[in-house]
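Okay, so here's the structure we're looking at.
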Amino acid sequence: MQVVKLFLKEANKIPIEADNINPDNFAGKTEEEIKAILVWYGNGQYPFGDFFNVEVEGRDSVENTKLVFEGDVSRVKRIGQNMSAGEIEINGNVDMHCGFGMKGGKIIINGNADSWLGCEMTDGEIILNGNASYYVGSGYRGEACGMRGGKITINGNARDYLGEHMCGGEILVKGNVGLLPAISNNGGKIVIEGNATMPANEMKSGTVIIKGEVSDLLPSYKEEGTVEVEGVIYRKFVGDVNVGGKGVLLIKRT
Amino acid sequence: MSEILIKNASVCDPVQGINCETMDICIKDGKIVESVSSNAKVIDAEGRLTMAGGFDGHTHSAGKINVGRFINPNDARKNPVPGLSGQVARTEKTRAQVGYNTPNTYAIGYRYAKLGYTTICEAAIPLLAARHTHEEFKEIPILDKMGLSLFGSNWQVMEYIRDKEPEKLAAYVAWGLRASRGYGIKIVNPGGGEAWGWGKNVSGLYDPVPNFDVTPAEILMSLAEVNERLKLPHSVHVHCNNLGKPGNYATTIETMKLFEKIKLSRDRQALHVTHVQFNAYAGTSWRNFETGAPMVADYVNGADHLTFDLGQVIFGPAVTMTADGPVEYANARMLHEKWSNQDVELEDASGVVPLFYSPKSFVNAVQWAIGLELALLVKDPWKVMFTTDSPNGGSFVNYPEAFTYLMSAKRREEVISGFSNMALDRMVLPGIDRELDFYELAIMTRSTQSKMYSRPEKGNLKAGSDADIAIYDIIPGQIDPSTEYVKVKKAFSGAAYTLKDGEIVVKDGEIEATPKGRIYWVNAKVPSPIDSAMQKDIDIKFRKYYTVSKANYMVEDVYLQKPVEIATEGVF
Ligand SMILES: [Zn+2]
């Protein structure tokens, strides 16, 4: 096992683009080597060690490498981008694009996450013990597919456009979500245990399960009786008929 | 005074009938000359293939392409042709680049220059939006530019045709070219843009345009007569009716035939038909869709009044952008794709839809074949201009790939081997063994353009011509393009040298310098009484309908970088 502990020296206002800060790039590296990794800060590149104190314990493969951010990194973007294995633990809030394009491994965030968490991820797992902002598990602007695989668990609330353009994988939200979750979806599964507004607009396929209250249910869904899932009875809706969709929207019967 | 001597160039210059002959080229002050002094800087071409700078006579590189950028922000990170696409950080010499089908303006200039191209013609300038086109022109480095102005669904044009006012029509076109700083008359789906304002289309040459009581055939003939009356340097440039519909090859041939009777006022074609691939479809539906290229090629082989370009399809992502509003609606519906639709007030329609050409789709495979069939079945390369209608059929950065299809039957066979039997049944390409040589390729990429746009100083290496020159890392005679197509593609993808007005802008495939290019525009003189009478009519249009005033409509001189005014004297 290799554990790399990271301490932000001083809170930064200008964001740090940490798109190469992941187990793939840290495994087998010494403290000095990790400190020397260049990250973008404003319009220039600087050694990672300029911003973080780094403590390395052990030396191991990517699968057995764990990064631990101790404290708030709410102005550090793209942590865990494209990671394929290993683990990242963030003990604080994290900035946008955490876990973007993640292919494997695990990210645990003990804090809140800013927008675009787990965008375009294809595998692996993200566990957020806090609230998420906009566009969890969605696609890059203009792309037809967002998240394609893996799982995101949010133990708090999420804001608007959760799982936009999602084509696979699973998102579980324990709390409430904002406007238009599962917009333009084409696959995958989203479970919302709290409330949601205007879910599954323009969904082509996929499953959305809502256990709380739904506001402004779209008129472009056909109701097809009820189904029972794990002992709970849901009203079943199919759509969005506006796009000839065959998606399934289940809303807990009250 | 700057002088350059290019030694040991294997020159391929069809305008002069020179076919890969080893010779020297002398350059003085940006022009090709007979001789230079002993002080001239020497470039040793070492026997490599040397042509005039490439000239893309139909590309969407300024104006509407910006709508493509809006609706495809994800294009910015696409990189299917490394070196000629994707995100490239700025360097000492170049600005940052992004994108593939809809790259930023700087990337357009750099990438064309890397391919050895030095001149482009933007295929569609809406008069009303011309200022934006010129703003983009200004930021496209290196290349000389010109653009074609849209007249085919314009209210004033159709009213003058209906009211039989040919002189005022000519005056209006001359004014429109001046207003938009355009180079020639573009006609897109004549009448269809106006019909689209009513949610309709025109179905053929004799289908009247709603509320105007003129037919597409009348629009075409009247504008062709104006074109000759004003002695414009280019012919009318026509995107035919029924584009993208099975069976449309008949409309295409019918359109071509109409122009047989046009009396020319200049030594050039009477008609240029654009991206004919999209207009050479046989069958009656997408189910029995098949190539119509043999019929179109057959007609073109017997005709001598026209030129055309291919609109070759490249497999992968593309972005369609056209003034043909109804076509884009059909595309968006059929493909469940994003759709941008624009109404250009009194002038035309416009739409943008991204799409993906897949070799597994039998329709796309046949489209791919049709472009090549047209190029190979038409015997005289002087009638053919190579284009992908970039980025409608695919981005121009794929030209080197497409050249290998034209030069190698073996390469075509490789691609065709991935097609379904159904696709193979609907095309004739597998039976064609013609392979173009460098001479014919030079005709389709430079020489035809020089003639069809009446730009004798472009597309050739004659003394007096602009010193726009491409040297490619190929030694003719030591390479067999029909088998060594990988080398051919590599060489055309990054010129050993590109010279623009005698300045080295590309060396070994990398940008060396980024001078500003010229803008060519046509100023056709019209007798002032006719012009004044026409102005009264358009004043009413501006007062009653336009959202802008006439004074704010004209593109001012300040928008033109290194303008070159081409003056003509109309016959009235
Ligand atoms: Zn075009």
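Just so you know, the protein sequences line up as chains L and C, in that order.
Under the numbering used here, the first residue of the first sequence carries the number 259, and numbering increases by one thereafter.
Under the numbering used here, the first residue of the second sequence carries the number 139, and numbering increases by one thereafter.
Glycine included, each C-beta is placed from N, C-alpha and C at the ideal position.
Computed from a predicted structure; not experimentally measured.
| Check | Outcome |
| --- | --- |
| Neighbour flag for residue 211 of chain C against chain L, beta carbons, 7 angstroms | yes |
| Within the stretch 262–349 of chain C, ranges of the beta strand (DSSP E) (whole runs, at least 3 residues) | 282–288, 322–326 |
| C-beta neighbour in chain C for residue 393 of chain L, strict 7 angstroms | no |
| Min CB distance residue 400 of chain L to chain C below 7 angstroms | yes |
| Best match in L:273, L:283, L:308 for proximity to residue 301 of chain L [C-alpha to C-alpha] | L:273 |
| Cβ pair residue 329 of chain L, residue 350 of chain L closer than 7 angstroms | yes |
| Heavy atom of ligand 1 within 6 angstroms of residue 261 of chain C beta-carbon | yes |
| Simplified DSSP state of residue 426 of chain C, which is helix, strand or coil | coil |
| Cβ contact check for the stretch 468–486 of chain C and the stretch 433–445 of chain C: 3 or more pairs under 8 angstroms | no |
| Ordered list of alpha helix (DSSP H) runs contained in the stretch 479–535 of chain C, each at least 4 residues | 500–515 |
| Touch test, the stretch 620–632 of chain C against the stretch 542–549 of chain C, Cβ-Cβ under 8 angstroms, three pairs minimum | yes |
| Exposure label - residue 659 of chain C; buried when at least 16 CB within 10 Å | buried |
| Other residues of its chain near residue 404 of chain C: CB distance less than 6 angstroms, five sequence neighbours each side excluded | 369 |
| Test: residue 345 of chain L CB closer than 7 angstroms to a CB of chain D | Absence of chain D from the displayed structure is noted, the protein chains being L and C. |
| Neighbour-count burial assignment, residue 558 of chain C, 16 or more Cβ in a 10 Å radius | exposed |
| CB-CB length for residue 251 of chain C against residue 636 of chain C, believed under 8 angstroms | 5 angstroms |
| Touching by the beta-carbon criterion (3+ pairs, under 8 angstroms), the stretch 662–672 of chain C and the stretch 300–312 of chain C | yes |
| Within 7 angstroms, strictly: CB atoms of residue 606 of chain C and residue 191 of chain C | yes |
| Contacting residues, own chain, Cβ-Cβ under 7 angstroms from residue 415 of chain C (five flanking each side not counted) | 448, 449, 450, 451, 505, 508, 509, 512, 531 |
| Sequence-distant residues of the same chain with beta carbon closer than 8 angstroms to residue 364 of chain C, five excluded per side | 304, 307, 308, 311, 323 |
| Endpoints, the beta strand (DSSP E) within which residue 228 of chain C is located | Neither: residue 228 of chain C is in no beta strand (DSSP E) and is coded neither H nor E. |
| Residue 486 of chain C: CB within 6 angstroms of a non-hydrogen atom of ligand 1 | no |
| Residue 527 of chain C beta carbon near ligand 1 (any heavy atom closer than 6 angstroms) | yes |
| Check whether residue 243 of chain C and residue 280 of chain C have beta carbons under 7 angstroms apart | no |
| Whether residue 465 of chain L touches residue 506 of chain L by CB criterion (7 angstroms) | yes |
| Inter-stretch contact (C-beta, 8 angstroms, three-pair minimum) for the stretch 590–609 of chain C and the stretch 458–468 of chain C | no |
| Touch test, the stretch 364–383 of chain L against the stretch 404–419 of chain L, Cβ-Cβ under 8 angstroms, three pairs minimum | yes |
| DSSP state of residue 680 of chain C mapped onto helix, strand, coil | helix |
| Ordered list of beta strand (DSSP E) runs contained in the stretch 434–463 of chain L, each at least 3 residues | 444–450 |
| Residue burial classification, residue 696 of chain C (beta-carbon count within 10 angstroms, cutoff 16) | exposed |
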